[in-house]
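What follows is one structure encoded as structure tokens, with my remarks underneath.
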Amino acid sequence: MSLDVHQPALIGVDWGTSSFRAFLMDGDGNVLESNETDQGVLNIEGRNFLGVLEDHINGWLERATLPVIISGMVTSRNGWIETPYVSCPAGVEVLASNLTRHVAPSGLEVYLVSGLTTRNDGVPDVIRGEEVQIAGLVADGIREGMIILPGTHSKWLTLADGVIENFATFMTGEIFDAIRTQTILGRLMSDGPTSAESFRLGVEQSKRCGTELLHTLFSVRTLTLFDEMADDKTPDYLSGLLIGAEIQGAIVLLGNPKRVWLVGRRSLLARYQQALQALGIECIRTGENIAALGHHAIARAMGLVS
């Protein structure tokens with residue numbers, strides 16, 4: 178879009194563990210320009226967060242004085258500036274009223290979004306960054322239902338009247354990597370072409386086994402031992418077992434949805450879509466720039482943009 182038509186009004190920064198994304202937006206939340214790098218929180222040398230931030234947004238700030246709103250793991254204990262967790266239920270107005278204002282030594286003024294916390298089965302759970310994506314979905318017209326954000330630590334959230342009511346975290350991706358690289362099951366696997374059929378078998382087996390996942394995981398070995406599955410099919414089977422268990426666990430904690438919305442990388446969304454459809458759950462993939470829409474919605478609720 179041309180800056181002659183849409184004047185810059187806001188900078189939003191989505192700064193996670195492994196990536197940095199900055200958006201220049203107009204007053205309606207349209208993305209005019211963006212910067213994306215692999216300079217995530219864990220990849221910043223010497224904790225030079227301010228330097229990295231200014232490298233990516235100073236060119237925009239030279240054109241106009243703009244509010245800057247930042248979210249993601251950069252606001253965690255391992256990041257730049259830690260912000261407190263806010264308890265659910267929480268909507269855009271709550272996120273806006275709990276922004277943390279920070280003025281850097283260079284004079285740069287930024288607003289940092291707080292993460293959210295809830296309790297399931299008596300223990301705390303947290304999200305940091307995903308709340309902004311949900312704010313973006315609400316701004317895009319999705320106000321009710323269940324949202325899934327797949328990843329190393331997948332997040333499932335329930336939304337009612339535009340407010341995040343509850344959520345749950347599942348360490349599916351990390352457990353898959355650990356089994357694949359650090360266990361005897363992983364050593365018996367081999368690489369091969371993606372097998373949608375093996376993945377589906379894993380999802381269906383996970384549903385049959387219910388709470389017996391620790392037992393059923395051993396079938397990754399025994400199926401090959403009895404020549405019922407090729408070694409190069411077992412990674413997809415394992416993935417199906419784990420994602421299937423994640424879905425069953427989410428149903429127990431948050432309820433059984435008829436429909437869910439999927440947010441995230443297309444490659445990972447396709448796998449979750451296949452698993453959900455195998456279990457009879459309708460799923461809808463969301464659009465791009467959801468985080469930018471969330472930054473804009475929070476900034477507007479705070480009065481940073483008109």
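Heads up: the sequence shown begins at 178 in this note's numbering, then just goes up one per residue. In this text, a Cβ means the ideal position worked out from N, Cα and C, and glycines have one as well. For clarity, every value in this text was computed on a predicted model and none was experimentally measured.
Rounded to the nearest whole angstrom, the CA to CA distance from ASN207 to PRO185 is 9 Å. Judged by DSSP secondary structure, ASN212 falls within the beta strand (DSSP E) whose first and last residues are 208–214. Relative to PHE376, the option among LEU400, GLU342, ILE420, THR346 whose CA is nearest is ILE420.
With a 10 Å radius around the Cβ and a threshold of 16 neighbouring Cβ atoms, GLY284 comes out exposed. Between ALA469 and GLY313, the C-beta spacing is below 8 Å. It is roughly 21 Å from the alpha-carbon of ASN225 to the alpha-carbon of SER211. Taking C-beta separations shorter than 6 Å and ignoring five residues to either side along the sequence, the partners of ASN275 in its chain run VAL263, SER291, following chain order. When DSSP reads this structure, SER248 sits in a beta bridge with ASP191. Nearest to ALA474 by alpha-carbon distance, out of TRP192, LEU326, GLY204, HIS183, is GLY204.
In this structure the region 236–243 does not touch the region 458–472; the number of beta carbon pairs closer than 8 Å is below three.
Given a length threshold of 4 residues, each whole run of the alpha helix (DSSP H) inside the region 236–318 is given here in chain order: 269–274, 307–316. ILE319 sits away from ILE341, with the two beta carbons spaced by 8 Å or more.
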